[in-house]
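Following UniProt numbering, the numbering of the sequence shown begins with 1 at its first residue and continues without gaps. Cβ coordinates follow ideal geometry from the N, Cα and C atoms, glycine included.
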Amino acid sequence: MSRALRDAYKSLTNASIFTIFGEELGNAVQEDRYFKATVNGKEMEEAHEENVNLKKQDADTAEASLLLSGLTVTPESQKQEFLQLLKRLGLESHYPRKMGMGDFHTICKISLQDSQPSKDKELPSYFLQKLLTVDYRVRYLTCQDEKSTRFAPMLQTRKQKDQQSDSSENFLDNLMGAAPECMSRDGHVHPMDLQMAIFHCADDFLRQTLATKLAFCQLALPLLLPNPDTSHIEFLLYALSQIQRSWKEAEKSGKQAQTKSYNNKLIFQAQTPIVSFIRIGSSASSSKSQLLNALLSKRKHDTFFHRHCRGSTRERLLMEGVVEIAWYCPRGSPDDTFESCVAFCNLHGDARDHGAQLQFLQDISAVNVALVSNSEHMDNRGKKLLQELWKSQRPLVCLLTEEENVAIRQSSKIIIIGIRNINEAELMDQLTKMIRDLLEGSNPCFSLDACADKARQHGFVVDADQPACVKAKAQAREVVDFLKKVYPSERKSPWLEVQESVRDVWCKMEREVTHLHKKGKKISELLRCTIRHEKAKITLAQSLISVMLKPMMTSFLGFLLAQPADTKKYFLHWMKVFMDELSCARLEELRRDYQKLQTEIQSIKKSKEKPKVDDSLLSQLIAISDEINNSSIGLEHFLREIGQFYEVLDEQKDDFGKLPQIAAELMVLGYPVELIDGDISYLPLSWVGAIFDSLIKRLGDKRVFVLSVLGIQSSGKSTLLNAMFGLQFNVSAGRCTRGAFMQLIPVGQELQQDLGFDFVLVVDTEGLRAIRMANKQSLNQDKELTTFVIGVSNLTVINIFGENPSEMQDVLQIAVQAFLRMKKVNLSPSCFFVHQNVEEATAKEQNMEQRRRFQEKLDKVTRVVAQQESCDISSFSDIIGFDVSTHIHYFAHLWEGNPPMAPPNPTYSQNVQQLKSKILQAANLSYQDKN
């Protein structure tokens, strides 16, 4: 009888496939089965009657299900549930779109400790703080009482135990009857409902930051966002327009394959094929999101949240109809899953219920992958949908969740696979190969910018179409268009004349006078007159240039002076996007040439035959380095030009007297402002002083704690600060920090009294021992930068990549010298050392000897510096209060695997949280000592 039932099931699914795909494809499936299994004709006849009955029951069940759905789930009820969820999370006052960057950046009590929320209203704050530290486990955040579990407590009294029977019949009765009663309903908020609720409450700028952090964590991002309150579907273009990704892909030309690199490319501009995954019906055995995760990551990182993720519940309110997107970025390795960048879209929920989203995905997709439950849950809508997909111009892969031993390729575009009971590794190999083959044969590529046009055609709301955003984007385009008229390496000279034509000479004279004073030499009257005369000529030249402003700067300044805060933020974002786009291609070429030449020089140095490097090669390297610098242009150059105007113009002059207010407002809005000119190490004192005066007028005379970071180039300084405070310190496309930038972080009111300050001023610095300085400036520039940064800071974090400090000998000497000079002028800044790329367990349990050696190294460097400075000091602790057991922090490696698809290491995020807490505690102790 069981054999007959199995055959009846096969017969039923045969009929379903005929109905869904039509006669031609149904015959193909049946033919495939004929070769894989022989079914006795008599048994088929016996099963026929049961088949008819099952089909009738299936139709009745589907009809009843649709009727029930229509009665219990209505748009109005969804709206009420949505509003109730916001109230439960304490977000009702933030809806709609009223949560801003202040809610993300402000230092609050939660940021002082690594704890878990105890009630639902705390969930949004904990989510933002954990995402700030780029901890991907934020995706699993829930607020579930420890006493509340999925299983009710099964406590038994002694009397009940005595009454237990040893009979197997009682055991089976209890097993079948009592088990359902032991289950308790999930009571916590679904993690994805929390994330989507925050997205619904966030303004455009917070959404953009959230998306950037989620992308850094290798988590999927919302692309289409249905709003249960308004029934509108929103396409998130602006929110995703800040995300940068890097990858390497093979570029086949003739017989040789070359690798093409993309560094920090804005992903919304990337032309990529899109593979869309949808589900038709429901399946208890197969998860579409899990399949996607296996495709994207060999480690099966949960890029897309799925039913088996920690915190998942059946009650999910805000994910139905959401389309999420993630990108696979190859690293140029033979084991890459795909050879080029591919976007994957995931439609959540049953595709039959989300026709608008499905039609949009069909328009933009290069390949469609459909998980099909083709038995009891298939109705006429599902059949029609599959027939449309089959007739579409796009390739289609159908994964039949209830079929096994089926693998049909009807044509070059239609593939059907039964995935029931299939080995997962085998399935992923098949699916990967099929998608790769289909992408090669049919490969329409879209950028998100192009997808936005499709979204408008479907009547979706595009977030970048806000009037203020459109206006700001047009103005930014107009400003940047001026730069397009000039060759990349010459763009600064005609449009940024003040900093390019006269600034260098001015700064050299200032430096010459300073060094003469430092050496105790008297300046002759003739030299004084000469310097005054030259400065007067430069001032006159700057004034003439400034009065007759170039159209580009006039347009830039006029917009910033006239527009409200939100329009300014849109404008600055699009300025950065367009400038990065302008210089990206040329910079990539120059970096490839630089890398190739540098590799050649290194190979010559290692060669025994030619130990000496040809001077012409070094000259070429320096020339390429100069062109990279000249071709790099960013917002910092525009703001630097404004500062140079202010240095020579009368402060009361119309408009220009307001220039410091512009920079002060940008700092309040959360933008970094240049403190030290990164190209010539120049500090415009009048300009910076005027900015601080404007801040005082705007905010009041607030208490500020200054935190800075120092370290060698590319050691992760900016990444550390960005993870600690949620900042975005990167400037122009694909460049390390140049000079020094400052950013203002507010402290929550509940902490201001305890900590003793109202703001943290974070200073990010250029890397010491920068490659671009190797053949030009000496050690002096590093010394000047270090002395200045340590001098203005309350606490300096010295960042070391790796646990061996021997490579930091020179840097340590520079830092110790700066601290010693602070002691001479009665300043007492604090210092923390951070050793990155060190395993936490090893560092704590086995590295005490390394700590002792590090202390000895510091003391030795201190004695050398003290001798140079003619001071009687024998240890580093004599200069500042330093405890080797508490002032050294060990960080795990940033990545959990190999970039660019590796997520950040959760242990790194924990290390960041601990360091942030220690810094704020040290600030608090410093405040208490002073009072």
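Go ahead and pull the three-state DSSP assignment for residue i.
i           : result
residue 637 : helix
residue 29  : Per-residue confidence for residue 29 stands at a pLDDT of 47, beneath the threshold of 50, marking its modelled position as unreliable; no derived number is given.
residue 258 : strand
residue 95  : coil
residue 701 : coil
residue 843 : Confidence at residue 843 is low in this model, with a pLDDT of 47, below 50, so its placement is unreliable and no value can be given for it.
residue 388 : helix
residue 368 : strand
residue 62  : Because residue 62 carries a pLDDT of 41, less than 50, the predicted location of this residue cannot be relied on, and no value is offered for it.
residue 677 : strand
residue 307 : coil
residue 349 : strand
residue 102 : helix
residue 415 : strand
residue 682 : strand
residue 973 : This structure cannot speak to residue 973, because the chain is shown only from 1 to 931.
residue 838 : coil
residue 662 : helix
residue 732 : Caution applies to residue 732, whose pLDDT of 41 falls short of 50 and renders its modelled position unreliable; the value that the coordinates give is listed next. DSSP places residue 732 in coil when its eight states are reduced to three.
residue 338 : coil
residue 87  : helix
residue 183 : Residue confidence for residue 183 is low, a pLDDT of 39 falling below 50, so the modelled location carries little weight and cannot support an answer.
residue 141 : coil
residue 284 : coil
residue 912 : helix
residue 277 : strand
Look up residue i in the DSSP assignment and give the residues it is bridged to.
i           : result
residue 831 : 796
residue 234 : 225, 461
residue 356 : Answer is none; residue 356 lacks a bridge partner.
residue 743 : 762
residue 272 : 446
residue 324 : 222, 346
residue 934 : Residue 934 is absent from the model: the chain starts at 1 and stops at 931.
residue 708 : 763, 796
residue 202 : 99
residue 456 : In DSSP, residue 456 forms no bridge with anything.
In terms of alpha-carbon separation, which member of the options lies closest to residue i?
i           : options            : result
residue 304 : 219, 260, 481, 702 : 219
residue 783 : 320, 688, 712      : 712
residue 370 : 412, 421, 286, 338 : 286
residue 263 : 592, 467, 76       : 592
residue 312 : 187, 200, 915, 589 : 187
residue 356 : 459, 561, 408      : 459
residue 352 : 384, 322, 345      : 384
residue 336 : 196, 247, 348      : 247
residue 835 : 815, 890, 350      : 890
residue 235 : 204, 216, 215      : 204
residue 328 : 79, 795, 341       : 341
residue 244 : 434, 767, 576      : 576
residue 851 : 883, 837, 676, 827 : 883
Is there a Cβ of chain D sitting closer than 8 angstroms to that of residue i, yes or no?
i           : result
residue 269 : Included in the structure is just one protein chain, with no chain D present.
Would you check whether the ligand MN has a heavy atom nearer than 7 angstroms to the C-beta of residue i?
i           : result
residue 267 : This structure lacks the ligand MN; in fact it carries no ligand of any kind.
Query - Ordered list of alpha helix (DSSP H) runs contained in the stretch 589 to 635, each at least 4 residues - result: Qualifying alpha helix (DSSP H) stretches, in chain order: 615 to 631.
Query raised in the report: Does the pairing of the stretch 383 to 390 with the stretch 420 to 438 give three or more beta-carbon distances under 8 angstroms?
Result: Flag = no, the stretch 383 to 390 and the stretch 420 to 438 do not touch.
Report task. Return the chain-ordered ranges of every beta strand (DSSP E) run that is complete within the stretch 846 to 905 and spans a minimum of 3 residues. Result -> The stretch 846 to 905 contains, as complete beta strand (DSSP E) runs of 3+ residues, the segments 888 to 890 (chain order).
**Report entry** At least 3 beta-carbon pairs within less than 8 angstroms: the stretch 442 to 462 vs the stretch 355 to 373
**Finding:** Contact between the stretch 442 to 462 and the stretch 355 to 373 is present: 3 or more CB-CB pairs across the two stretches fall below 8 angstroms.
Requested in this report: Specify whether the stretch 787 to 797 and the stretch 812 to 830 touch according to this definition: at least 3 beta carbon pairs, one from each stretch, less than 8 angstroms apart.
Outcome: When Cβ pairs closer than 8 angstroms are counted between the two stretches, the stretch 787 to 797 is seen to touch the stretch 812 to 830, the count reaching three or more.
Requested in this report: Say whether the stretch 196 to 212 touches the stretch 428 to 435, bearing in mind that this needs 3 or more beta-carbon pairs closer than 8 angstroms, one atom from each stretch.
Outcome: Under the 8 angstroms Cβ criterion, the stretch 196 to 212 does not count as touching the stretch 428 to 435, having fewer than three qualifying pairs.
Query raised in the report: Is there contact here, the stretch 219 to 230 with the stretch 905 to 920, by at least three beta-carbon pairs under 8 angstroms?
Result: Contact fails between the stretch 219 to 230 and the stretch 905 to 920, because fewer than three Cβ pairs, one in each stretch, are under 8 angstroms apart.
Report task. Would you be able to state if there are at least three C-beta pairs under 8 angstroms between the stretch 750 to 758 and the stretch 923 to 930? Result -> Contact holds between the stretch 923 to 930 and the stretch 750 to 758, because three or more Cβ pairs, one in each stretch, are under 8 angstroms apart.
Query raised in the report: When the Cβ atoms of the stretch 111 to 131 are set against those of the stretch 85 to 94, are three or more pairs found closer than 8 angstroms?
Result: In this structure the stretch 111 to 131 lies against the stretch 85 to 94, because at least three pairs of beta carbons, one per stretch, are closer than 8 angstroms.
Query raised in the report: Counting pairs of Cβ atoms below 8 angstroms between the stretch 191 to 206 and the stretch 697 to 711, do you hit three or more?
Result: Contact annotation: the stretch 191 to 206 does not touch the stretch 697 to 711, with fewer than three C-beta pairs closer than 8 angstroms.
Report task. Spell out a yes or no on whether the stretch 288 to 305 and the stretch 335 to 350 are touching, meaning 3 or more CB-CB pairs, one atom from each, closer than 8 angstroms. Result -> Here the stretch 288 to 305 makes contact with the stretch 335 to 350; the two share three or more CB pairs at distances below 8 angstroms.
Query raised in the report: Should the stretch 571 to 591 be regarded as contacting the stretch 465 to 479, the criterion being three or more beta carbon pairs within less than 8 angstroms?
Result: Yes, since at least three Cβ pairs between the stretch 571 to 591 and the stretch 465 to 479 fall closer than 8 angstroms, the two stretches touch.
Query raised in the report: Using 8 angstroms as the threshold, is the stretch 661 to 673 in touch with the stretch 611 to 630, meaning 3 or more CB pairs across them?
Result: No: fewer than three Cβ pairs fall under 8 angstroms.
Query raised in the report: Per the contact definition of three or more C-beta pairs closer than 8 angstroms, is the stretch 97 to 110 in contact with the stretch 868 to 887?
Result: No, the stretch 868 to 887 does not touch the stretch 97 to 110.
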